[in-house]
Amino acid sequence: MAVNTASDLVDRYFTALTQKDWTTLRTTLRDDLSFRGPLATLDKAEAYVQGLQRIRERVTSMERRAIFAQGDDVLQIYDVTLAESAVTVPVAEWIQVRDDQIVAVEMFLDARPLAAPPAQ
Numbered sequence: 052m053a054v055n056t057a058s059d060l061v062d063r064y065f066t067a068l069t070q071k072d073w074t075t076l077r078t079t080l081r082d083d084l085s086f087r088g089p090l091a092t093l094d095k096a097e098a099y100v101q102g103l104q105r106i107r108e109r110v111t112s113m114e115r116r117a118i119f120a121q122g123d124d125v126l127q128i129y130d131v132t133l134a135e136s137a138v139t140v141p142v143a144e145w146i147q148v149r150d151d152q153i154v155a156v157e158m159f160l161d162a163r164p165l166a167a168p169p170a171q
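Count the sequence shown with the working numbering and you get residues 52 to 171, in order.
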């Protein structure tokens, strides 16, 4: 299915992430996706999805604040609220799209709340 714009694809990706729809989310990613963030550097879509699944288990809500697109580059900003501490972490992602798939994600956030072990 062809996507109209890069921001449409990122909308589909973000909706799948918030709904924990891993099958749909995976279809938005190229196999050799490049991810760079404060907690990991990955070069495979499967590893990225596995990481999202682990983090998403600790998240109670995700609220998008803004999305900006310029050609195949998309910047989205959203808040993530963590279950164990009710801390809300702002996240910015620079997402690059090629041929209707996400090829690169660079994430910017204060990772200290995410790096802390979950409360027992």
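Even for Gly, the Cβ is constructed at its ideal location relative to N, Cα and C.
*Contact under 7 Å by Cβ, arginine 77 with valine 154*: For the purposes of this step, residue 77 is taken as residue 26 along the sequence shown, with counting starting at 1. For the purposes of this step, residue 154 is taken as residue 103 along the sequence shown, with counting starting at 1. Not in contact: arginine 77 and valine 154 (Cβ atoms no closer than 7 Å).
Serine 58, buried or exposed, once every other Cβ within 10 Å from all chains shown has been counted against 16 = As a working note, residue 58 is residue 7 in the sequence shown. Per the 10 Å Cβ criterion, buried.
* Near leucine 126, which residues of its chain fall below 6 Å by C-beta distance, leaving aside the five closest residues on each side in sequence? -> Locating residue 126 in the sequence shown gives position 75, counting from the first residue. Excluding residues within five positions, the ones whose Cβ falls inside 6 Å are Phe119, Trp145.
Practice prompt. Using the Cα positions of aspartate 94 and serine 136, report the straight-line distance between them to the nearest angstrom.
Written response: Here residue 94 refers to the residue found at position 43 of the sequence shown. Here residue 136 refers to the residue found at position 85 of the sequence shown. Distance between the alpha carbons of aspartate 94 and serine 136: 31 Å.
Inset, instruction - Rounded to whole angstroms, what's the CA-CA distance from arginine 163 to glutamine 104? Just pull it up for me. - result: Here residue 163 refers to the residue found at position 112 of the sequence shown. Here residue 104 refers to the residue found at position 53 of the sequence shown. Those two C-alpha atoms are separated by around 18 Å.
Inset, instruction - Report all residues from its chain with a CB closer than 7 Å to the CB of aspartate 123; omit the five preceding and five following residues, and keep chain order. - result: Within the sequence shown, numbered from 1, the residue matching residue 123 stands at position 72. Closer than 7 Å at the Cβ level, and outside the excluded window around aspartate 123, lie Ala57, Gln147, Val148, Arg149.
Query raised in the report: Tell me the DSSP bridge mates of threonine 139?
Result: Position 88 of the sequence shown, counted from the start, is the residue given in the question as residue 139. Thr132, per the DSSP bridge assignment.
Determine the direct distance from the alpha carbon of aspartate 130 to that of glycine 102, and round the result to whole angstroms. For the purposes of this step, residue 102 is taken as the residue at position 51 of the sequence shown. For the purposes of this step, residue 130 is taken as the residue at position 79 of the sequence shown. C-alpha separation (whole angstroms): 18 Å.
### Query
For the candidate residues Val100, Thr132, Asn55, whose alpha-carbon lies nearest to that of aspartate 161?
For this step, residue 161 is matched to residue 110 along the sequence shown. It is Thr132.
- [ ] Could you tell me if threonine 139 is buried or exposed, where buried requires 16 or more neighbouring beta carbons within 10 angstroms of its beta carbon?
- [x] Reading the sequence shown from its first residue, position 88 is the one you call residue 139. Threonine 139 is exposed by the Cβ-count criterion.
Quiz item: Is it buried or exposed for methionine 52, if we count other Cβ within 10 angstroms and need 16 for buried?
Solution: Residue numbering aside, residue 52 sits at position 1 when the sequence shown is read from its first letter. A caution first: methionine 52 carries a pLDDT of 44, below 50, which makes its placement in the model unreliable, though a value can still be read off. Its Cβ having fewer than 16 others within 10 Å, methionine 52 is exposed.
- Task: State yes or no: is the C-beta of arginine 116 within less than 7 Å of the C-beta of alanine 134?
- Result: As a working mapping, residue 116 is identified with position 65 in the sequence shown. As a working mapping, residue 134 is identified with position 83 in the sequence shown. No.
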